[in-house]
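Down below is the structure, laid out as C-alpha cells.
Numbering (our numbering), first residue to last: -10 to 127.
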C-alpha cells in the first residue's frame, strides 16, 4: 500500500468572493485529511495523548498552491508518511480531474505530553505509519 486518499468536495463556503477555494479552507482540508488518516491507522490524534502519553506537534509546514479549485470540485487528497527516528513527515498531493492543485508537507515531532522533549517514534506507531509509506510493499 502507498498513501492514504480521501476526496474533499469544495463547498461554496470554502471559496472566496471569486469562487476559488480560499487557502485557509485548503489547510483545514489538509488537517481533516491527517485526522482521518490517523484514525484509519488506529492512532487518532486524541488517543496519542490520552492513551499513549505522547503527541505529534506540528513544527513546520510548507504548501504550494498550483491550480485553483472551485466550489463543487472533488479534490483527491493523498497523504504519504515518512518516519524518522523522532519525527513524522506527512507529504500531501491533491488532484482534481488529474491536475495537481496543491502539494506540500507537514513536519511533526514525536514528543511526550507536557513538553519534556522529543522521543523515538514507538514501534507499533511506526509500523502503522510504514504501511502507508511510499516505499512500502503491497
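For each residue, glycine too, the CB sits at the ideal point set by N, CA and C.
- Per DSSP, the continuous beta strand (DSSP E) segment holding residue 92 begins and ends at 88 to 98.
- 8 Å or more divides the Cβ of residue 79 from the Cβ of residue 55.
- Residue state for residue 17 is assigned as helix, using DSSP reduced to three classes.
- The segment 4 to 21 and the segment 48 to 64 touch, with no fewer than 3 CB-CB distances between them shorter than 8 Å.
- Residues of the same chain with a CB within less than 6 Å of the CB of residue 41, apart from the 5 flanking positions on each side, do not exist.
- Just so you know, the alpha carbons of residue 100 and residue 89 end up roughly 33 Å apart.
- The C-alpha of residue 0 is placed about 27 Å away from the C-alpha of residue 49.
- A direct Cα-Cα distance of roughly 24 Å separates residue 74 from residue 92.
- Judged by DSSP secondary structure, residue 83 falls within the beta strand (DSSP E) whose first and last residues are 76 to 85.
- Cβ-Cβ separation between residue 68 and residue 81: approximately 5 Å, consistent with a contact (criterion under 8 Å).
- Pairwise C-beta distances place the segment 26 to 37 in contact with the segment 114 to 124, as three or more of them are shorter than 8 Å.
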